[in-house]
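Trainee:
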Amino acid sequence: MSVNLTLTLVASVLVGTGAYLFLSRSLVRALMGFLLMGNGVNLLFIIGSGPAGSPPIVGAGDGGPMADPVPQALVLTAIVITLAMTAFVLALAHRGWQVGRDDLVADDTESARIHARAEADDLGSEPGAREQAEEIAAETERSERGHHGRRDDAATDEEGGTA
Amino acid sequence: MSDGYAWMVPLLVLLPLIGAGLTLAAAGRTAVQRVVSVTALSGMTVLAGVLLWASDTQGPQVMFVGGWAANEGIVLVVDRLAALMVIVSTVVTLAVLAYSIGQGASGFDEESDGHSPLPVFHPTLLVLAAGVTTTFISGDLFHLYVGFEMLLAASFVLLTLGGTAERVRAGTTYVLVSLLSSIIFLAAIGLTYGATGTINLALLSERLGEIAPGTAALLQLMLLVAFAVKAAVFPMSGWLPDSYPTAPAPVTAVFAGLLTKVGVYAMIRTQTLLFPGSPFSDLLLVAALLTMVVGILGAIAQDDIKRMLSFTLVSHIGFLLFGIALGSTHGLAAAIFYVVHHITVQTTLFLVLGLVERVGGSTDSTRLGDLARISPLVGVLFFIPAMNMAGIPPFSGFLGKVGLVQAGVAEGSWLALLLVAGSVLTSLLTLYAVAKVWGRAFWSENARGITGQGPVRGGHHEALGLGVLAPTVALVAVGLTLTVVAGPLFDITTRSAVDLVLREPYLDAVLGVRAEAGP
Chain A
1 MSVNLTLTLV ASVLVGTGAY LFLSRSLVRA LMGFLLMGNG VNLLFIIGSG PAGSPPIVGA
61 GDGGPMADPV PQALVLTAIV ITLAMTAFVL ALAHRGWQVG RDDLVADDTE SARIHARAEA
121 DDLGSEPGAR EQAEEIAAET ERSERGHHGR RDDAATDEEG GTA
Chain B
1 MSDGYAWMVP LLVLLPLIGA GLTLAAAGRT AVQRVVSVTA LSGMTVLAGV LLWASDTQGP
61 QVMFVGGWAA NEGIVLVVDR LAALMVIVST VVTLAVLAYS IGQGASGFDE ESDGHSPLPV
121 FHPTLLVLAA GVTTTFISGD LFHLYVGFEM LLAASFVLLT LGGTAERVRA GTTYVLVSLL
181 SSIIFLAAIG LTYGATGTIN LALLSERLGE IAPGTAALLQ LMLLVAFAVK AAVFPMSGWL
241 PDSYPTAPAP VTAVFAGLLT KVGVYAMIRT QTLLFPGSPF SDLLLVAALL TMVVGILGAI
301 AQDDIKRMLS FTLVSHIGFL LFGIALGSTH GLAAAIFYVV HHITVQTTLF LVLGLVERVG
361 GSTDSTRLGD LARISPLVGV LFFIPAMNMA GIPPFSGFLG KVGLVQAGVA EGSWLALLLV
421 AGSVLTSLLT LYAVAKVWGR AFWSENARGI TGQGPVRGGH HEALGLGVLA PTVALVAVGL
481 TLTVVAGPLF DITTRSAVDL VLREPYLDAV LGVRAEAGP
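Protein sequence lines, in the order shown, are assigned to chains A and B.
Quick note: this note's numbering has the first sequence finishing at residue 163, numbered continuously throughout.
Quick note: this note's numbering has the second sequence finishing at residue 519, numbered continuously throughout.
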């Protein structure tokens, strides 16, 4: 099977840029990445369906080879699904902005707490361990509070602005 | 050809979807919603029971949707494995539904300001059930993808119910990881179509043997990665303990029971049907070992019981993968038995945790204490499935593990024997993790927990109504029944495994009928 080079290149650029954006910590950027990757993969179906042809409707073609209709039906379904997922992620991003004034994925505080405790345990037998452990715990808490603090400030600003 | 009961197959998906539409239309009328949801799920249970019997005695039940032949349209296939998975998942969903009904308004305080449960809960749960069933019965790779997306969309909504800051955070991780695995799956489907010209599973199993081995290996690996993310196989498991514990108890319970098992089911189906004699069985064995050990070590480190259970969930996926990787009849039979056991037990444990949260006001084991005295019933309800999960005889967890160990020893390679040792170690560590939580939360004498901080919501001791107790007790009883009927159940799973390894019954049912139904 010969493969359409242009389509292949476009698909790989879409998936590549999409993957880059997907790695972002910002939810909206990651969504853009998902959309780009999704479109790249949709192109993959078109590439896989072989060369273009006349419409796959009996009597409508010019007698030449018909295009394969199955991948097009699949891509159509995939596009609809992507649309639904996009709608949900946008709603989620909006909600995240409402409650947190932030688009970035926050840290998992429970994991951070257990990590801090494990570090404290490792330091257990050494002199000055207690101080170090407390320092780590305080640091964790500070970084959390810093995060929330920033949000509170933003929320206050917003309220001040609308009042 | 045996299509005596094939007309029932689409109803497995239609019933919950119609129910979802009706409950959505009846949003706000809680009583109507409850009647419709319970009816739909009960109907599904009955249908699944009949189909299990039919597929066991008369071979796979096949439905060609719209009368299209296998290579042109969608095929729905219910064989023993699919029927077994559908019936277990429906029973579990029904129990969770009953639990959420019994929980009444109070369980959704956070979500709805103390009024009625969110109107969106029932429709979403039914769509989830429809999506899970779709993946179990589809005989077509793309339809499998559509089923995945249905259940994912429903799970997104359930996980972020109420939209608190914590759930939005957990939801973001979960949504992005799920979307990524869907993209990989979709790309794999596109490449598969390009390579073979079909996405029908039965046709694929014939044609994949004819294409270049390297191409087939690429397709297999892409499918494995996509399903491994869904099944939470190490190293693609980090998202699970991060996202599940934040959801309300019934939601976590149904997620823990079903969602990862859907990935496992997809692996069983594709590995046996499309890629028999897989060149990657050693890779899967290593992944299984790492999933078991890393998962259970994570569980030991946790204070929060919900997070601990989420990690054991990851860990025990390793057992299932062990059976799949062995690929022998014994291995698959034990893995299928273990799936049935694990769905039931894991759901039960998360429901019991909902009770713990109601009694103690928290699920943090350092803040709980003396629960065995405060509520002996909850103690018993936690103890039985916990011991079942850890694999203490004579519970079904023990039987499933024995089956896997026997299959591993029969395989005899050093890697399989290492896996046997790893699974025994994991069982012991599971027992340790469970016992640690038990000692702290149920047996410690300090009723305010070892930190002395007391329950989070301060003296929040809710009475347990019959509405939440009855479904939990029923599920514990189902878990115990699995032990009692282990013989017949193991017979069925063995027959399913034989079919899976042979492949002929499935192929004959789909392709044989196609020849007769052709134009």
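Quick reminder that beta carbons are idealized off the backbone N, C-alpha and C, glycines included.
Being a predicted model, the structure only gives us computed values, none of them experimental.
1. Check whether the Cβ atoms of B:Leu176 and B:Ser243 lie closer than 8 Å to each other.
2. Count Cβ pairs between the stretch 261–273 of chain B and the stretch 124–137 of chain B that sit closer than 8 Å; are there 3 or more?
3. Would you decide whether B:Pro123 is buried or exposed? Buried here means 16 or more other CB atoms lie within 10 Å of its CB.
4. Going by Cα to Cα distance, which pick from B:Val484, B:Tyr432, B:Ala470, B:Leu431 is closest to B:Ser396?
5. So for B:Gln302, helix, strand or coil by DSSP?
6. Take the Cβ of B:Glu504 as the centre, count every other Cβ of all protein chains shown within 10 Å, and call the residue buried at 16 or more, exposed below.
7. So what does DSSP say about B:Ser315, is it helix, strand or coil?
8. Which of the three DSSP states, helix, strand or coil, is assigned to B:Met236?
9. Of the residues that make up the stretch 30–51 of chain A, which ones have a beta carbon closer than 7 Å to any beta carbon in chain B?
10. Are the CB atoms of B:Leu179 and A:Phe34 within a distance shorter than 8 Å?
11. Skipping 5 residues on each side, what residues in its chain have a beta carbon closer than 7 Å to that of B:Leu284?
12. In the stretch 299–333 of chain B, which residues sit with their C-beta less than 9 Å from some C-beta in chain A, listed in chain order?
13. Between A:Leu74 and B:Phe142, is the Cβ-Cβ spacing less than 8 Å?
14. Kindly list, in the order they appear in chain A, the residues whose Cβ is closer than 7 Å to that of B:Glu149.
15. Determine the direct distance from the alpha carbon of B:Val65 to that of A:Asp62, and round the result to whole angstroms.
16. Is the Cβ of A:Arg95 closer than 8 Å to any Cβ of chain B?
17. Taking Cβ to Cβ, would you say B:Ala202 is nearer than 8 Å to B:Ile137?
18. Applying a beta-carbon distance threshold of less than 7 Å, which residues of chain A neighbour B:Gly263?
19. Can you tell me the Cβ-Cβ gap for B:Gly19 and B:Leu126, rounded? I've got them flagged as a contact below 8 Å.
20. Starting from B:Leu219, follow the beta strand (DSSP E) in both directions and report where the run begins and ends.
21. Can a CB atom of chain A be found closer than 8 Å to the CB of B:Ile296?
22. Could you check if B:Val139 is buried or exposed, using at least 16 other CB atoms within 10 Å of its CB as the buried criterion?
23. From the DSSP output, in three-state form, read off B:Ser362 for me.
24. Under a three-way DSSP split, which group does B:Val75 fall into?
25. What does the alpha-carbon distance come out to for the pair B:Asn388 and B:Gly331?
26. Identify, in the order they occur along the chain, each residue of the same chain with its Cβ nearer than 7 Å to the Cβ of B:Leu521, setting aside the five sequence neighbours on each side.
27. Can you give me, in chain order, the residues of the stretch 113–124 of chain A that have a beta carbon less than 8 Å from any beta carbon in chain B?
28. Spatial neighbours of B:Ala372 within its chain, please: CB distance less than 7 Å, with the 5 preceding and 5 following residues excluded, ordered by chain position.
29. Indicate whether at least one CB of chain A lies closer than 8 Å to the CB of B:Ile74.
30. Say whether chain B places a C-beta atom closer than 8 Å to the C-beta of A:Val89.
31. Let me know if B:Glu210 comes out buried or exposed under the rule of 16 or more other beta-carbons within 10 Å of its beta-carbon.
32. May I ask you to verify whether the stretch 83–91 of chain A touches the stretch 104–111 of chain A, counting CB pairs closer than 8 Å and requiring at least 3?
33. Report the three-state DSSP secondary structure of B:Val501 (helix, strand or coil).
34. Once DSSP output is grouped into helix, strand and coil, what is the label at A:Ser26?
35. Take B:Thr344 and list the residues in its own chain whose beta-carbon comes closer than 6 Å to its own, dropping the five residues that flank it on each side.
Mentor: In short, the structure shows the following:
1. On the second sequence, position 176 is the one that residue 176 of chain B refers to. On the second sequence, position 243 is the one that residue 243 of chain B refers to. It is not a contact, given that the beta carbons lie outside the stated cut-off.
2. Under the three-pair Cβ rule at 8 Å, the stretch 261–273 of chain B counts as touching the stretch 124–137 of chain B.
3. Position 123 of the second sequence, counted from the first residue, corresponds to residue 123 of chain B. A residue is called buried once 16 or more other Cβ atoms fall within 10 Å of its Cβ, and B:Pro123 is buried on that count.
4. Counting from 1 along the second sequence, the entry for residue 396 of chain B is found at position 396. Considering only B:Val484, B:Tyr432, B:Ala470, B:Leu431, the residue with the shortest C-alpha distance to B:Ser396 is B:Val484.
5. Here residue 302 of chain B is taken as the residue at index 302 of the second sequence, counted from 1. Correct three-state label for B:Gln302: coil.
6. Taking the second sequence and counting its residues from 1, the one referred to as residue 504 of chain B is at position 504. With a threshold of 16 other beta carbon atoms within 10 Å, B:Glu504 falls short and is exposed.
7. Start at 1 with the first residue of the second sequence, and residue 315 of chain B comes out as number 315. In this structure, B:Ser315 counts as helix in the three-state DSSP scheme.
8. Walking along the second sequence from the start, residue 236 of chain B turns up at place 236. In the structure shown, B:Met236 sits in coil (DSSP, three-state: anything other than H, G, I, E or B).
9. Within the stretch 30–51 of chain A, the residues whose Cβ lies closer than 7 Å to some Cβ of chain B are Ala30, Phe34, Met37, Gly38, Val41, Leu44, Phe45, Ile47, Gly48, listed in chain order.
10. Taking the first residue of the first sequence as position 1, residue 34 of chain A is located at position 34. Taking the first residue of the second sequence as position 1, residue 179 of chain B is located at position 179. Yes, the Cβ-Cβ distance between A:Phe34 and B:Leu179 is below 8 Å.
11. Taking the second sequence and counting its residues from 1, one reaches residue 284 of chain B at position 284. The answer, listed in chain order, is Leu321, Ile324, Ala325.
12. Answer in chain order: Ala301, Gln302, Asp303, Asp304, Arg307.
13. To locate residue 74 of chain A, count along the first sequence from 1; it is residue 74. To locate residue 142 of chain B, count along the second sequence from 1; it is residue 142. Against a cut-off of 8 Å, the Cβ pair of B:Phe142 and A:Leu74 comes out as a contact.
14. Walking along the second sequence from the start, residue 149 of chain B turns up at place 149. What B:Glu149 touches in chain A: Ile81.
15. Here residue 62 of chain A is taken as the residue at index 62 of the first sequence, counted from 1. Here residue 65 of chain B is taken as the residue at index 65 of the second sequence, counted from 1. A:Asp62 and B:Val65: Cα-Cα distance of roughly 31 Å.
16. Residue numbering aside, residue 95 of chain A sits at position 95 when the first sequence is read from its first letter. Yes, its Cβ sits closer than 8 Å to a Cβ of chain B.
17. Along the second sequence, read from residue 1 onward, the residue named residue 202 of chain B stands at position 202. Along the second sequence, read from residue 1 onward, the residue named residue 137 of chain B stands at position 137. Using a Cβ distance threshold of 8 Å, B:Ala202 and B:Ile137 do not count as a contacting pair.
18. In the second sequence, counting from the first residue as 1, residue 263 of chain B sits at position 263. Ordered by position in chain A, no residue passes the 7 Å Cβ test against B:Gly263, which lies about 18 Å from the chain.
19. Working through the second sequence from its first residue, we reach residue 19 of chain B at position 19. Working through the second sequence from its first residue, we reach residue 126 of chain B at position 126. B:Gly19 to B:Leu126, Cβ: 5 Å. Contact.
20. Taking the second sequence and counting its residues from 1, one reaches residue 219 of chain B at position 219. Careful: B:Leu219 lies outside any beta strand (DSSP E), inside the alpha helix (DSSP H) at 213–231.
21. Residue numbering aside, residue 296 of chain B sits at position 296 when the second sequence is read from its first letter. Not one chain A Cβ lies under 8 Å of B:Ile296.
22. The sequence position of residue 139 of chain B within the second sequence is 139, counting from 1. Val is not the amino acid found at residue 139 of chain B; the sequence shown has Gly there. With 16 or more other Cβ atoms within 10 Å, it is buried.
23. Sequence index remark: in the second sequence, residue 362 of chain B carries index 362 (1-based). If DSSP states are grouped into helix, strand and coil, B:Ser362 belongs with coil.
24. Here residue 75 of chain B is taken as the residue at index 75 of the second sequence, counted from 1. Looking at B:Val75 - three-state DSSP - the assignment turns out to be strand.
25. The residue labelled residue 388 of chain B in the question sits at position 388 within the second sequence. The residue labelled residue 331 of chain B in the question sits at position 331 within the second sequence. Each residue's Cα considered, the two are about 20 Å apart.
26. What is shown of chain B runs 1 to 519, which leaves residue 521 of chain B out entirely.
27. Within the stretch 113–124 of chain A, the qualifying residues are Ile114, Ala118.
28. Taking the first residue of the second sequence as 1, we reach residue 372 of chain B at position 372. Cβ within range, chain order: Gly379, Phe442, Trp443.
29. Here residue 74 of chain B refers to the residue found at position 74 of the second sequence. By this cut-off, B:Ile74 is not an interface position.
30. For the purposes of this step, residue 89 of chain A is taken as residue 89 along the first sequence, with counting starting at 1. For A:Val89, the answer is yes, since a Cβ of chain B falls inside 8 Å of its Cβ.
31. Mapped onto the second sequence, residue 210 of chain B falls at position 210. Classification of B:Glu210: exposed, given that the 10 Å Cβ count is below 16.
32. Cβ pair count under 8 Å is below three, so no.
33. In the second sequence, the residue the question calls residue 501 of chain B occupies position 501. Looking at B:Val501 - three-state DSSP - the assignment turns out to be helix.
34. As a first step, residue 26 of chain A is located in the first sequence; it is residue number 26 there, counting from the start. In the displayed model, A:Ser26 falls within a strand according to three-state DSSP.
35. The sequence position of residue 344 of chain B within the second sequence is 344, counting from 1. These residues qualify, in order along the chain: Val478, Gly479.
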